[in-house]
Structure formats: structure tokens, C-alpha cells
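The block underneath contains the structure these notes are about, expressed in C-alpha cells.
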Amino acid sequence: MKTISLPLPYKLGSVNCYLIETKTGYILIDTGCSNKRTHLDKELERMGCKQGNLRLIILTHGDFDHVGNANHLHERFGAKIVMHNGDSGMVERGDMFWNRRKGNILLGMIARILFGFGKKERFSPDLYIDEGYELSEYELDAKVLHIPGHSKGSIGILTADNNLFCGDLLENKDKPVLNSIMDDSAAANASVKKLKSLKIKTVYPGHGKPFPMGSFT
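If you read the sequence shown in our numbering, its first letter stands for residue -13, the second for the next number, and so on.
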């Protein structure tokens, strides 16, 4: 597994994309925002991705800093895009606040401009996935966890060796914490409780460095 860290605009930090090599090709978890597309393309090519072997793009949620290059990569490499339907309107309509409790038209416009999510970035996923979806078809021994809180459609990918790609539920900018931006705090707490009931070893967050699950309190 290789991490591609892409800078966010206006010094807002960075976002992680995770490239996993399998026996039959590659799987990419999250795609960054469109303003760093050239950087992402070069990194993917350097790591061995080409037309036909990037088989799957998994989006942990619909925020534009995670989905901004999904349609571009779908068109360039032929990769299938999957995500949870709880965030479908974010990518299909280009509205980052769709199906969220907070947000308005003005904030939606600002988000589109800030992260460069225009009409050509919009897309309809090839498949909507939910809790328990197995990735064995793509030669990856892992399954999907539905972990809402940051958004209603947030998912994690739990591997057979108990490593978790958690999207934006948890982050590790200074230390492992619950993400400060939450759509539903009660749902987020329930998701954390679910994760703590599992034997997770290492967490790979959307923002920040990987950390042992035991270091999150």
C-alpha cells in the first residue's frame, strides 16, 4: 500500500489517497481535489497505474477534497467508482452539503470554487455499496464498514489483517481525534463505538498520519 498526500488549497493542509496493489491491478481509496490533478496523475503513473489496471476507486465519502478526481480517473483509466448512496447527491449534483444538517446555497458555492468541483467533476458512481460489501472480487481481502457521522454516507474499509481506512471520521493532524467537522455527533459516536469493538490495529485517516487504534481515546 502506498500513500499519496495531496496539498489542499489555501494552506488547508493535505488529503491522503491510498493506492493498494493486488494480484490483478490497483485499488485507489479517495482521489483528492481537482486542483492537484497533475500531481496525482504523475504519482499514479510512477507507481505503475495505466489504462486497464486501476480497477477500482473507493470513495470514503462525498466531500470534494476526496472525490475531486474520481470522474477524471474513471475516464482516463477505466476504473469503476463505488461509494455509499448516503452521499450520492454530493457527487451527482455537485452539492457538498446535500443530505447534511448544516449548510446553505452560499456555502455550497464557496465549496465548489474552493475545491474546484465543476460540472465536469460531477459523476454517478458505478455502484453504491454498504456495510459488509466484500472486495474479494478485486483480490482484496477487505470489507466495507458504514461509519456515518462526518457525513451520512461515510464508509471505512477494514482489511482482513485489521487495518482500517477511515475517511474523515477520525483524523491525525496533531494527535488522533474525532474529526472536528461532524454532520451528526450521535452517529459519529456510535461509529466510534463500533470501531472500538473491533480488533483494529492501524488506522489510515483521510487527513494526517496513520496511527494505532489504541492511541485514540
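Even for Gly, the Cβ is constructed at its ideal location relative to N, Cα and C.
- With a beta-carbon spacing of about 6 Å, F50 and C19 fall inside the 8 Å limit used to define contacts.
- Straight-line spacing of the CA atoms in Y190 and A65 works out to 22 Å.
- At the C-beta level, S177 and L155 come within 8 Å of one another.
- For H132, the secondary structure class from DSSP, reduced to helix, strand or coil, is strand.
- G118 and K129 have their C-alpha atoms roughly 6 Å apart.
- In the DSSP secondary-structure assignment, G153 is bridged to P191.
- Restricted to the segment 49 to 114, the alpha helix (DSSP H) segments that are unbroken, complete and at least 4 residues in length are 50 to 53, 56 to 63, 74 to 78, 91 to 101, listed in chain order.
- Per DSSP, the unbroken beta strand (DSSP E) holding K(-12) starts and ends at -12 to -7.
- According to the DSSP assignment, E7 belongs to the beta strand (DSSP E) that extends over 0 to 8.
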